[in-house]
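Undergrad: Heads up, the sequence shown stops at 806 in the working numbering, and the numbers go up one at a time, no gaps. The structure under discussion is supplied below as structure tokens; questions concerning it will follow.
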Amino acid sequence: MADNTVRYGIIGVGMMGREHFINLSHLRSEGVAVVAVADPHLPSQRLAQDLAKSFDWPIQVFSGHRELLDSGLCDVVIVSTPNMTHYKILMDIINHPKPHHVLVEKPLCTTVADCKEVVDAARKRPDILVQVGLEYRYMPPVAKLIEIVKGGTLGQVKMVAIREHRFPFLVKVDNWNRFNVNTGGTLVEKCCHFFDLMRLFAGANPVRVMASGAVDVNHKDELYDGKVPDIIDNAYVIVEFENGSRGMLDLCMFAEGSKNEQEISVVGDIGKGEAFVPESIVRVGSREAGRDGVQTIKAKDDRIKYDGLHHGSSYLEHTHFLAAVRAKGLQAPAVDLQDGLVSVAIGVAAQLSIERGRFITIEEVKGEF
Ligand SMILES: NC(=O)c1ccc[n+]([C@@H]2O[C@H](COP(=O)([O-])OP(=O)(O)OC[C@H]3O[C@@H](n4cnc5c(N)ncnc54)[C@H](O)[C@@H]3O)[C@@H](O)[C@H]2O)c1
Numbered sequence: 438m439a440d441n442t443v444r445y446g447i448i449g450v451g452m453m454g455r456e457h458f459i460n461l462s463h464l465r466s467e468g469v470a471v472v473a474v475a476d477p478h479l480p481s482q483r484l485a486q487d488l489a490k491s492f493d494w495p496i497q498v499f500s501g502h503r504e505l506l507d508s509g510l511c512d513v514v515i516v517s518t519p520n521m522t523h524y525k526i527l528m529d530i531i532n533h534p535k536p537h538h539v540l541v542e543k544p545l546c547t548t549v550a551d552c553k554e555v556v557d558a559a560r561k562r563p564d565i566l567v568q569v570g571l572e573y574r575y576m577p578p579v580a581k582l583i584e585i586v587k588g589g590t591l592g593q594v595k596m597v598a599i600r601e602h603r604f605p606f607l608v609k610v611d612n613w614n615r616f617n618v619n620t621g622g623t624l625v626e627k628c629c630h631f632f633d634l635m636r637l638f639a640g641a642n643p644v645r646v647m648a649s650g651a652v653d654v655n656h657k658d659e660l661y662d663g664k665v666p667d668i669i670d671n672a673y674v675i676v677e678f679e680n681g682s683r684g685m686l687d688l689c690m691f692a693e694g695s696k697n698e699q700e701i702s703v704v705g706d707i708g709k710g711e712a713f714v715p716e717s718i719v720r721v722g723s724r725e726a727g728r729d730g731v732q733t734i735k736a737k738d739d740r741i742k743y744d745g746l747h748h749g750s751s752y753l754e755h756t757h758f759l760a761a762v763r764a765k766g767l768q769a770p771a772v773d774l775q776d777g778l779v780s781v782a783i784g785v786a787a788q789l790s791i792e793r794g795r796f797i798t799i800e801e802v803k804g805e806f
């Protein structure tokens, strides 16, 4: 292995951990290698070993993250374990004497208090980079829309509407994703991606959140240790931002009969932009040019060498993170801990709003930023 190879360890090699593994194999020519994985679940370990063999990458397999960290084998670790384990694992990584850069899957943690502790601990370790896996930013149509918004074509953004209409949550190892206590709730687990995008489009921090949602269709006939899942499968969420912009999320997880999984609309005082996934189309128009002036753009990113499960966004996420790691502290991670924290705070406020039937301020769930 060349001296400048960046050595990766993957903690949690379930569906997403293996997806990271495959993505990293496509970055082999950039000088990366996966050298270790940690997972207590034997079938996940075996599947990771099969992948390692197919890439001709010898790996060490550990049953826990601490052994992986103590081995000293890795420069970078990916945390792709169930949401409720992120806090403890992150704290162990950050407090470990050997510095390990971290790419942690979303959501950063399941509660705002845990996120804040991680942020505070990481502040004391400037030798460690932490990037949060809010990868929807990199999906080509979304990235194109971000570029259009940041370029000012739409003017001052006033409204951001995001519709996710999709299939139900998949089955996970030990069914961890069936209960709010493990995931943080659907609006944290899944929707932190969309709250992150809203905040990016609005260009401001959130102030308060109102939501309505319920468990109406999915998982109602499932039973785990005598308990029926409590994760909501549909919701409307309104988010108000400091600069007066507002966002709206329309989530439905029993909508397999949809052409697109995500449809995003951003309207400013000059124009409107839309992004459609997986159609990979962006539309842009202006009030002045009207309907006839609306342009349709096919969004494509030729840098993507592997589309994978998320339309190439995981691949681009890795290229950004690798660039930050190689810059040795001169480049900040593209999606940082603050982004991770705020996206969780909006989700937590939305979950609480459903419970209490009223607007929840971000201050209520978050305290000081
Ligand atoms: N970026 C995305 O869009 C996206 C998509 C799917 C999942 N995720 C996130 O990825 C993470 C993993 O989800 P998944 O779908 O791969 O779940 P999964 O159930 O398929 O895999 C989780 C794996 O982690 C292992 N694990 C559990 N506790 C562990 C521990 N303490 N140490 C090491 N390994 C442990 C399990 O045995 C399992 O193999 C979650 O945080 C999830 O929210 C992100």
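Glycine residues also receive a C-beta, built at the ideal position from the N, C-alpha and C atoms.
Which runs of the beta strand (DSSP E) spanning at least 3 residues fall entirely within the segment 554-592, listed in chain order?
TA: Complete beta strand (DSSP E) runs here, min 3: 567-570.
Undergrad: DSSP has Lys737 in a bridge; who is on the other side?
TA: Locating residue 737 in the sequence shown gives position 300, where the first residue counts as 1. None, per the DSSP bridge assignment.
Undergrad: Considering only DSSP beta bridges, list what Leu540 is partnered with.
TA: Indexing the sequence shown from 1 puts residue 540 at position 103. In DSSP, Leu540 forms a bridge with Ile515, Gln568.
Undergrad: In the DSSP output, what is Asp687 paired with across the bridge?
TA: Translated into positions along the sequence shown, residue 687 becomes position 250. According to DSSP, Asp687 bridges with Arg600, Tyr673.
Undergrad: Can you find the residues in the same chain that come closer than 7 Å, C-beta to C-beta, to Asp653, ignoring five residues on each side of it along the sequence?
TA: For the purposes of this step, residue 653 is taken as residue 216 along the sequence shown, with counting starting at 1. Result list for Asp653: Asp670, Asn671, in chain order.
Undergrad: Please report the distance separating the alpha-carbon of Ile526 from that of Asp729.
TA: What you label residue 526 is simply residue 89 of the sequence shown in a count that begins at 1. What you label residue 729 is simply residue 292 of the sequence shown in a count that begins at 1. Each residue's alpha carbon lies about 53 Å from the other.
Undergrad: Where does Asp735 land, buried or exposed, given buried means 16+ other C-beta within 10 angstroms?
TA: As a working note, residue 735 is residue 298 in the sequence shown. The question names Asp, yet the displayed sequence has Lys at residue 735. Exposed, since its Cβ has fewer than 16 Cβ neighbours within 10 Å.
Undergrad: Check this for me: beta carbons of Ile531 and Val646, under 9 Å apart or not?
TA: As a working mapping, residue 531 is identified with position 94 in the sequence shown. As a working mapping, residue 646 is identified with position 209 in the sequence shown. Taking 9 Å as the Cβ cut-off, Ile531 and Val646 do not qualify as a contacting pair.
Undergrad: Any chance the CB of Ala475 is under 8 Å from a heavy atom of ligand 1?
TA: If you number the sequence shown from 1, residue 475 lands on position 38. Indeed, a heavy atom of ligand 1 lies less than 8 Å from the Cβ.
Undergrad: With DSSP as the reference, label Tyr807 as helix, strand or coil.
TA: No answer is possible for residue 807: it lies beyond the span of the chain, which begins at 438 and ends at 806.
Undergrad: Specify whether the segment 776-784 and the segment 747-758 touch according to this definition: at least 3 beta carbon pairs, one from each stretch, less than 8 Å apart.
TA: Judged by Cβ distances under 8 Å, the segment 776-784 makes no contact with the segment 747-758, as fewer than three pairs qualify.
Undergrad: Just to confirm the assignment, what range does the beta strand (DSSP E) spanning Glu698 have?
TA: Taking the sequence shown and counting its residues from 1, the one referred to as residue 698 is at position 261. Taken as a continuous stretch (DSSP letters only), Glu698 belongs to no beta strand (DSSP E), as it is neither H nor E.
Undergrad: For Leu746, verify whether its CB is less than 8 Å away from any heavy atom of ligand 1.
TA: Position 309 of the sequence shown, counted from the start, is the residue given in the question as residue 746. Leu746: yes, Cβ under 8 Å from ligand 1.
Undergrad: Determine whether the Cβ of Arg636 lies closer than 9 Å to any Cβ atom of chain B.
TA: No chain B is part of this structure, which consists of one protein chain only.
Undergrad: With 16 other CB atoms within 10 Å as the buried threshold, where does Ser491 fall?
TA: If you number the sequence shown from 1, residue 491 lands on position 54. With fewer than 16 Cβ atoms within 10 Å of its Cβ, Ser491 is classed as exposed.
Undergrad: Quick one: which unbroken beta strand (DSSP E) runs of 3-plus residues sit fully inside the segment 718-791? Chain order, please.
TA: Those beta strand (DSSP E) runs which fall completely within the segment 718-791 and span 3+ residues are 718-723, 732-735.
Undergrad: Is His630 closer than 9 Å to Lys810 when the C-beta atoms are compared?
TA: The chain is shown only over 438 to 806; residue 810 falls outside these bounds and no answer can be derived.
Undergrad: Per DSSP, what are the beta-bridge partners of Gly446 in this structure?
TA: As a first step, residue 446 must be located in the sequence shown, where it is residue number 9. Ala473, Val514, per the DSSP bridge assignment.
Undergrad: Helix, strand or coil: how does DSSP classify Thr798 here?
TA: Within the sequence shown, numbered from 1, the residue matching residue 798 stands at position 361. Note: Thr798 maps to strand in three-state DSSP.
Undergrad: Please report the Cβ distance between Asp738 and Pro536, rounded to the nearest whole angstrom; I am assuming they are in contact, meaning their Cβ atoms lie under 8 Å.
TA: In the sequence shown, counting from the first residue as 1, residue 738 sits at position 301. In the sequence shown, counting from the first residue as 1, residue 536 sits at position 99. The pair is not a contact, with the Cβ atoms about 31 Å apart (cut-off 8 Å).
Undergrad: Would you say the beta carbon of Leu591 comes nearer than 8 Å to a heavy atom of ligand 1?
TA: For the purposes of this step, residue 591 is identified with residue 154 of the sequence shown, where counting begins at 1. Leu591 Cβ: outside cutoff for every heavy atom of ligand 1.
Undergrad: Nearest-angstrom Cα distance between Arg763 and Val674?
TA: Here residue 763 refers to the residue found at position 326 of the sequence shown. Here residue 674 refers to the residue found at position 237 of the sequence shown. So the alpha carbons of these two residues sit roughly 39 Å apart.
Undergrad: Comparing alpha-carbon positions, which option in Leu484, Val471, Ile783 lies nearest Val513?
TA: Taking the sequence shown and counting its residues from 1, one reaches residue 513 at position 76. The candidate whose alpha carbon is nearest that of Val513 is Val471.
Undergrad: Could you tell me the distance, in whole angstroms, from the CA atom of Leu809 to the CA atom of Val597?
TA: In this structure the chain extends from 438 to 806, so residue 809 is not present and cannot be described.
Undergrad: Run the CB neighbour count on Thr733, radius 10 Å, all protein chains shown included, and call it buried at 16 or more, exposed below.
TA: Position 296 of the sequence shown, counting from 1, holds the residue named residue 733. Looking at its Cβ environment, which holds fewer than 16 other Cβ atoms inside 10 Å, Thr733 is exposed.
Undergrad: Of the choices Gly694, Glu693, Val676, Asn680, whose alpha-carbon is the least far from that of Leu686?
TA: On the sequence shown, position 249 is the one that residue 686 refers to. Comparing Cα-Cα distances from Leu686 to each of Gly694, Glu693, Val676, Asn680, the minimum goes to Val676.
Undergrad: Here's the rule I'm using: 16 or more other beta-carbon atoms within 10 Å means buried, otherwise exposed. How should Phe604 be labelled?
TA: Taking the first residue of the sequence shown as position 1, residue 604 is located at position 167. Counting Cβ neighbours within 10 Å, Phe604 comes out exposed, since fewer than 16 surround it.
Undergrad: Can you name, in chain order, every residue of its own chain whose Cβ lies under 6 Å from the Cβ of Ser500, other than the five neighbours on each side?
TA: Position 63 of the sequence shown, counted from the start, is the residue given in the question as residue 500. Result list for Ser500: Pro477, in chain order.
Undergrad: For Val610, which residues from the same chain have a beta carbon less than 6 Å from its beta carbon, with the 5 sequence-adjacent residues on both sides left out?
TA: As a first step, residue 610 must be located in the sequence shown, where it is residue number 173. Excluding residues within five positions, the ones whose Cβ falls inside 6 Å are Gly451, His478.
Undergrad: Give the range of the beta strand (DSSP E) segment to which Ala489 is assigned.
TA: If you number the sequence shown from 1, residue 489 lands on position 52. Here Ala489 belongs to no beta strand (DSSP E); instead the alpha helix (DSSP H) covers 479-492.
Undergrad: Any chance you could list the alpha helix (DSSP H) runs of at least 4 consecutive residues sitting entirely within the segment 591-650, in chain order?
TA: Qualifying alpha helix (DSSP H) stretches, in chain order: 617-620, 623-626, 629-639.
Undergrad: Look up Phe713 in the DSSP assignment and give the residues it is bridged to.
TA: Here residue 713 refers to the residue found at position 276 when the sequence shown is read from its first residue. The partner list for Phe713 (beta bridge, DSSP) reads Glu700, Ile718.
Undergrad: For Lys657, which three-state DSSP category applies?
TA: Here residue 657 is taken as the residue at index 220 of the sequence shown, counted from 1. Coil.
Undergrad: Using a threshold of 8 Å, is the CB atom of Asn532 nearer than that to any non-hydrogen atom of ligand 1?
TA: Walking along the sequence shown from the start, residue 532 turns up at place 95. False, no ligand heavy atom lies under 8 Å from that Cβ.
Undergrad: Which first and last residues belong to the alpha helix (DSSP H) in which Asn460 is found?
TA: For the purposes of this step, residue 460 is taken as the residue at position 23 of the sequence shown. Residues 452-462.
Undergrad: Between the segment 659-668 and the segment 574-591, do at least 3 Cβ pairs fall closer than 8 Å?
TA: Not touching, per the Cβ criterion.
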